[in-house]
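Quick notes on the structure that follows.
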Amino acid sequence: DLLVKNVKSLMKERLPKTMLTLLDNVSRLADETGLSVYVVGGFVRDLLLRIENLDLDIVVEGNGIQFARKLGKEYNGRVVGHEKFGTSVVLFPDGSKIDVATARMEYYQHPAALPTVEMSSIKSDLFRRDFTFNALAIKLNGKDAFTLIDYFNGQRDLKDGVVRVLHNLSFVEDPCRAFRAVRFEQRLGFHIGKQTESFLKRAVDKKLVDKLSGTRLYNELMHMLEEKTPIRCFQRMKELGLLQTIHPRLMKNLRNMQVLERIEEIFTLSNVIKLVENPDAGFMYFLGMLYGLKAADLNQVAHRLSLPAKIKKRVKEDIGNCESVLKTLRRKRKCEPSDIYNLFAGLSTEALLLVMAVSGDDRINKHVLMYFTQYNPSAALSLTGDDLIEMGIRPGPVFQTVFKALRDARINGQVHNRDDEVALVEKKFLNGRSR
Ligand code: CTP
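FYI, full-length UniProt numbering numbers position 344 of the sequence shown as 790, with every residue one higher than the one before it.
Below you can see the structure in the form of structure tokens.
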């Protein structure tokens, strides 16, 4: 049941030298300790797909933490171990890290119905994993070092583009995998296998997904929204009944999909994104998904996802600000640049991008663009508080007024430099007196 294939040359072709050296060292250390050591999971999957992935997950048949300590010692790394789980992380001086686990028979508390045939510890470790293509391993040492271990036809499924679970209780063991299935399907352009899909739907029907903790559900959802093109994920989650398990009225409105599409457009096609600093794409899609929910429903979603208070506040603020700005802009046809600046200045980047995504109105979008490209950059003033004091203005609330006037004038193109600013202060606030 094992397809043997040496992947050393593929690794040489695909991996950076430092990584190869590290793997060689792990291999040598494994031989010295006499333990069998494997690379597993996403790293192997992506190597075969020729997708860059430098996150090493190592599994040791034996004491993983001890092995990690040895590795850490050789590389001057720091080792953080969790005795309870037999897992550890080796943190190297160059900032890279490897996860090292101990091969175990059991990952999760699972129903006793799983077959208990005898297996090697690596095989049973792999058998506890989510999908066949994530259950591949590369043996790192021994006679058969650098051969691919494929007990469950992961290579075939990679070739055919199929997301397939290893057994019928996979989603029962961990309902999170329903979301992971959609995420991998869309990321890799695969499709969820027929039987796997029916297991997934059964888990939904049996309300197993409802049992997931809010934190895990939220993390899994965010992983999905951080993918390059999460829109298809939404469609699939809808089809499979997964969105509805979060809240029955989530994405019920057709407009949500439109908003998400515009968000995708902003992130993939438009140039705006290059102009704003670190916009949080995952969070934008999250906002797009929640936009338009009634306050009570939004609270229920936040509760279901155990949304951290800070995130909940951000969501409410951004959506609220977006709505109120849109209302103002739709009412007010004529806006000076400084009006736009003052309307937008307190808003987060995400709230402003949401304005663009929701409005679908060229006039409004132009305001946002101008804000990012011109008004906001030009709002920086030359004069400081100290300058104002020196000019004879007493510190106090009037400073706010002066700065606002200066900023408005800058943004509206009435002042351009420090001299202009000084002149404006003298004219407006010092009755034309200069010092
Ligand atoms: N895994 C699992 N069930 C889960 C989560 C993870 O079986 N619910 C296993 C899979 O074998 C997976 C490995 O743990 O390959 C590592 O998980 P993770 O780091 O989340 O996934 P990656 O496969 O590395 O995916 P990504 O590329 O998104 O990091």
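Cβ atoms here follow ideal geometry from the backbone N, Cα and C, with glycine treated the same way.
Arg-574 is the residue among Ile-511, Lys-585, Arg-574 whose C-alpha sits nearest the C-alpha of Val-611. The C-beta separation of Ser-473 from Leu-586 comes to about 5 Å, placing the pair in contact by the 8 Å criterion. Shown here, Asn-580 sits in a helix according to DSSP, grouped into three states. For Asp-503, the shortest C-beta to heavy atom distance toward ligand 1 is below 7 Å.
Nearest neighbour of Gly-523 by Cα position, chosen from Glu-529, Thr-533, Leu-537, turns out to be Leu-537.
Cβ neighbours of Ser-824 within its own chain (closer than 6 Å, five residues either side excluded): Arg-856, Ile-857. Straight-line measurement puts the Cα of Asp-576 at about 14 Å from the Cα of Gln-641. Using a cutoff of 7 Å, the CB of Asp-540 does not count as near ligand 1, since none of the ligand's heavy atoms is closer than that. For Val-771, the closest C-alpha among the options Lys-674, Phe-598, Phe-790 is that of Phe-790.
DSSP, read as helix, strand or coil, puts Ser-805 in helix. Going by DSSP, Ser-542 is part of no alpha helix (DSSP H) at all; its letter is neither H nor E. The residue from Leu-634, Thr-830, Asn-509 with its alpha-carbon nearest to that of Val-609 is Leu-634. When only Cα atoms are considered, Arg-648 and Cys-622 end up about 14 Å apart. A straight-line Cα-Cα distance of about 41 Å links Met-802 and Thr-578.
By the C-beta criterion, the stretch 455 to 469 is judged to be in contact with the stretch 486 to 496, since at least 3 inter-stretch pairs fall below 8 Å. Closest option to Asn-499, judged by alpha-carbon separation, among Val-506, Leu-739, Gly-488: Gly-488.
Here Ser-784 carries a helix assignment [DSSP, helix/strand/coil].
In terms of side-chain proximity, the C-beta atom of Cys-622 is found nearer than 7 Å to a non-hydrogen atom of ligand 1.
Setting aside the 5 residues that flank it on each side, Ile-677 is surrounded in the same chain by Leu-706, Glu-707, Glu-710, each with a C-beta closer than 7 Å to its C-beta; the list follows chain order.
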